[in-house]
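To start, the structure under review is shown below, and the notes come after it.
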Amino acid sequence: MKKKVLGILCCLILAASGILAGCGQRDNGNPADGSEKNLENDSGGQSQDRGSAGENSADSIICYVGHGFWDGSLDPVKGGFSYGYDFINNGLVRVNPQAEYEGDLAESWEVSEDSLVYTYKLKEGVKFQDGSAFTAEDVVFTYETVMENQGQNGEVDLSKLKKVEAVDEYTLMFTLEEPFSPFLDVTAQLGIVPKDGYDSVAFDQMPVGTGPWKVVQYDTEQQLIVEANEEYFEGAPKIKRVTFVDMDNEAAFSNARSGQLDVVMVQPSYAAEALEGMHMEKLETMDVRNISLPCRKPGTFTNEKGETVEAGNPVTSDLAVRKALAIGISRQEVIQNAFNGVGRPAEGWTDNLVWGNTIEFEDAKVEEARKLLEENGWTDEDGDGVREKNGVKCAFEVYTPSDEQDRYLLAAAVAENVKELGISIEVKQAAWDELVEKTYTQGVVWGFGQYSPMVIDNQYQSSHFTVQAYSNPSGYENQKVDDLIAKAVSANNHKDAIAAWKEVQAAYAGDYPYLYLVNIEHCYFVSDRLYISPDTQIPHPHGHGIPIICNMKDWEVREKR
Numbered sequence: 025m026k027k028k029v030l031g032i033l034c035c036l037i038l039a040a041s042g043i044l045a046g047c048g049q050r051d052n053g054n055p056a057d058g059s060e061k062n063l064e065n066d067s068g069g070q071s072q073d074r075g076s077a078g079e080n081s082a083d084s085i086i087c088y089v090g091h092g093f094w095d096g097s098l099d100p101v102k103g104g105f106s107y108g109y110d111f112i113n114n115g116l117v118r119v120n121p122q123a124e125y126e127g128d129l130a131e132s133w134e135v136s137e138d139s140l141v142y143t144y145k146l147k148e149g150v151k152f153q154d155g156s157a158f159t160a161e162d163v164v165f166t167y168e169t170v171m172e173n174q175g176q177n178g179e180v181d182l183s184k185l186k187k188v189e190a191v192d193e194y195t196l197m198f199t200l201e202e203p204f205s206p207f208l209d210v211t212a213q214l215g216i217v218p219k220d221g222y223d224s225v226a227f228d229q230m231p232v233g234t235g236p237w238k239v240v241q242y243d244t245e246q247q248l249i250v251e252a253n254e255e256y257f258e259g260a261p262k263i264k265r266v267t268f269v270d271m272d273n274e275a276a277f278s279n280a281r282s283g284q285l286d287v288v289m290v291q292p293s294y295a296a297e298a299l300e301g302m303h304m305e306k307l308e309t310m311d312v313r314n315i316s317l318p319c320r321k322p323g324t325f326t327n328e329k330g331e332t333v334e335a336g337n338p339v340t341s342d343l344a345v346r347k348a349l350a351i352g353i354s355r356q357e358v359i360q361n362a363f364n365g366v367g368r369p370a371e372g373w374t375d376n377l378v379w380g381n382t383i384e385f386e387d388a389k390v391e392e393a394r395k396l397l398e399e400n401g402w403t404d405e406d407g408d409g410v411r412e413k414n415g416v417k418c419a420f421e422v423y424t425p426s427d428e429q430d431r432y433l434l435a436a437a438v439a440e441n442v443k444e445l446g447i448s449i450e451v452k453q454a455a456w457d458e459l460v461e462k463t464y465t466q467g468v469v470w471g472f473g474q475y476s477p478m479v480i481d482n483q484y485q486s487s488h489f490t491v492q493a494y495s496n497p498s499g500y501e502n503q504k505v506d507d508l509i510a511k512a513v514s515a516n517n518h519k520d521a522i523a524a525w526k527e528v529q530a531a532y533a534g535d536y537p538y539l540y541l542v543n544i545e546h547c548y549f550v551s552d553r554l555y556i557s558p559d560t561q562i563p564h565p566h567g568h569g570i571p572i573i574c575n576m577k578d579w580e581v582r583e584k585r
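So the number in the numbering used here is just where the residue sits in the sequence shown, counting from 1, plus 24.
Here is the structure:
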C-alpha cells in the first residue's frame, strides 16, 4: 500500500553540494575587489534610475542581491538555481513559508512502502516560456541528462537514482538503487527544462523554463534582466521587469543612497543605517554561524583515500575546553559587538527546521566554565591571563575567509569574549584553499543553513574528514553518530527518518565539536514603494543575497506602503 507524502519537511540542498555552495564560494555581500561601480557607468553609459529598467517605473525595479547570478551557470541541468523555489524554472515540489513541501509542477506524489519508488502526478496545462507544453517526458529528459552529466552538477546528487520513466503524459516514476530518505529533497532542487528546446550552451545564460520569470538579457558580472512570464500557470507577476545589477557592497549602498536601487542586500553592520525612501527588512533564516573545533589530538591521520595529513589540536581536542567555550561565552554580547545586535543566539540548528533538535542550554556561565577548566587541569600558573596545562597554553587560532569581513568581526568578538575564561584566540584570515587545510588543526568560522538534514551527515560523519572539502571540518568521530546517520539516510519512511535525525543531534550534543554562535538575519534595504510580501517569504537558507527573490512573483510596486 502506498503512502501519500504531503506537506512534509522541505530540504533544499543535499549534503556537501549545498555546503560547498554556501561556504566555499565568495559570500554574496562582500566586495570581490576594490572597484567602485555605479549604475550610470553601466549599459553604454546611460543612467539606470528606477524608471529606466522598463517602460513604466511602476512596473519595474532594480535590485542588488549579491553576486550569485554570475558565480556559475543558470542552467538547472548544471546546478543553476537549485534553491527549492520558483524563478526561471520550476521543480516538481517547492518550499512554502512554513518550511514544508508543496506541489510545484507536481500535483501530488506517493512513495512505495519500501521507499524505492516515488510516483509523481504532474499538473496539466503548464507551458514552457517558449510555448511548448510541459509533460512527463521533459522531467525524464532533465533527470536523465543530469545523470549522464553528473560531473557538471555539484548541487543535485542523483547517484541514488536507478531510473526515471514516464508512466503516461502526466505521471512519472522514479526508482532508487536503495532507500534514500532525502530523495524528495532532490525533486525540490532540480528545475525542469524542455526536452525539445534544451541547449546546453545557451542555457548557461538564457535558460527556458516554466517559471514566473524569463531571462531577456544577461551581461556577465554586470546585469541580469528578467521579465514577467505572462503565461505563468499560477498567474503573471505584478512587476513586469526586474534588473539585477552586480557591484560591490559599498557601491550598492551608495547607489541605494542616491535612489537608484529598490532592493539592496547589506550585511548586519549596515542595519542601523538610515536611507531616505527605504526601510530595513530583516528576514528569517536557518543560516547559522559556528566555529569548528578540531576534536582530535595532534598527530598524523590517514584518510580513506590513503592520504596522510597532519590533524588535531592540543587545546580544542579537550572536551572540557569545548564545553567551557559553549557555556561560558555570551552569544548575545558577541552578536551585539559583531553585528550591532542583528541575529539570534544559536546553540545548534534553527527551530524552523522540522528535523531540528537543538539541545538548548544557558550560556554566559562564566564561573561554571572557569570551574570546569580548573577541574580539568587548565590553570593560569604564570598570571598572564591565559590558562595552561602540561606546558600547553589554552590558546588556538580561528580562521575566517579573507574576503568576508563579517565572519572576521564575529571571530574577533568571540576572541574578546572568551578572554575572561582564560582562553586566548588569535583571529586570522586566509583564502578558501588555505582554510581547507587549516581546519584540520585550527578553528574556522563556517556558515551553514540548509533545509536538508543531509547537512548533518556533511558535518558529523567521521568518514568525510579530509576526504570531502568542507565536510566534517572538526574531525569529529563517533561511531554511534555514524550509525544513526546511516539509519536516518536509509529510513523507509519520512517519520522514521526525522526521528533518526533528531537522535543524531542528541547523540553529538554533549561533544561540542562546533561552537554555535548566531542565527543570521538576512538584511535588505527595500524601497518604500516596494512591497516584498514578507508573509510569503520562505526561511532563507545559507547564502545571503538571492534568497529574497524566493517570492518575487508576489511583489508589487506601491507608491506608498
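Beta carbons are placed, not taken as given, at the ideal position from N, Cα and C, and that holds for glycine.
Integer-rounded CB distance, given that residue j should sit under 8 Å from residue i
i, j, result
"V366", "G473", "Contact doesn't hold; Cβ gap of about 16 Å is too wide."
"Y242", "M230", "6 Å"
"S495", "A454", "Going by Cβ atoms, the distance from S495 to A454 rounds to 18 Å, so no, they are not a contact pair."
"D99", "L116", "D99 to L116, Cβ: 18 Å. No contact."
"C87", "D286", "6 Å"
"E201", "K184", "6 Å"
"V164", "A123", "29 Å between Cβ atoms; not a contact."
"S476", "D209", "5 Å"
"K586", "T199", "What is shown of the chain runs 25 to 585, which leaves residue 586 out entirely."
"R320", "G301", "Going by Cβ atoms, the distance from R320 to G301 rounds to 54 Å, so no, they are not a contact pair."
"V119", "I562", "5 Å"
Residue i classed as buried or exposed, judged by whether at least 16 other C-beta atoms fall within 10 angstroms
i, result
"E308", "buried"
"Q213", "buried"
"V528", "buried"
"K443", "exposed"
"F111", "buried"
"K577", "buried"
"S557", "exposed"
"G233", "buried"
"I216", "buried"
"C574", "buried"
"I263", "buried"
"H303", "exposed"
"D342", "buried"
"D270", "buried"
"V422", "buried"
"D430", "buried"
"F385", "exposed"
"Q291", "buried"
Residues that residue i bridges to, as DSSP identifies them
i, result
"T306", "Looking at the sequence provided, one finds Lys at residue 306 rather than Thr. According to DSSP, K306 bridges with C547."
"Q356", "BP columns for Q356 are empty, so no partner."
"W379", "DSSP, once it has assigned bridges, lists no residue as partnering W379."
"M289", "Y548"
"W470", "N314"
"C9", "In the structure displayed, the chain extends from 25 to 585; residue 9 sits before or after that span and is not available."
"G127", "V117"
"D243", "Q247"
"T326", "T332"
"A521", "Answer is none; A521 lacks a bridge partner."
6 Å Cβ shell around residue i - same chain, five flanking residues per side excluded
i, result
"L182", "V170, M171"
"A439", "I449, V451"
"I570", "V89, G92"
"A512", "A521, A524, W525"
"E104", "According to the sequence provided, residue 104 is Gly. The question's Glu does not apply to it. Only S97, L98 meet the Cβ criterion."
"K102", "Q176, N177"
"I383", "A533"
Contacting residues, own chain, Cβ-Cβ under 8 Å from residue i (five flanking each side not counted)
i, result
"R582", "R553, L554, Y555"
"A419", "V339, V410, I447, S448, I449, E450"
"V239", "L98, I112, Q229, M230, P231, L248, I249, V250"
"Q174", "D181, L182, S183"
"D559", "P121"
Own chain, CB closer than 7 Å to residue i, minus 5 neighbours either side, in chain order
i, result
"V225", "none"
"A157", "K151"
"T463", "S316, P497"
"K329", "V491"
"N253", "Q153, G235, P236, W237, K238, A260"
Are there three or more Cβ pairs, one per stretch, closer than 8 Å when the segment 540-547 is compared with the segment 354-362?
yes
Is it the case that the segment 128-141 contacts the segment 509-521, given that we only count it when at least three CB pairs across the two stretches are under 8 Å?
yes
For the segment 464-478 against the segment 316-329, do three or more pairs of beta-carbon atoms, one drawn from each stretch, fall closer than 8 Å, so that the two count as touching?
yes
Taking one C-beta from the segment 382-393 and one from the segment 319-331 each time, how about it: are there three or more such pairs within less than 8 Å?
no
When the Cβ atoms of the segment 179-199 are set against those of the segment 141-160, are three or more pairs found closer than 8 Å?
yes
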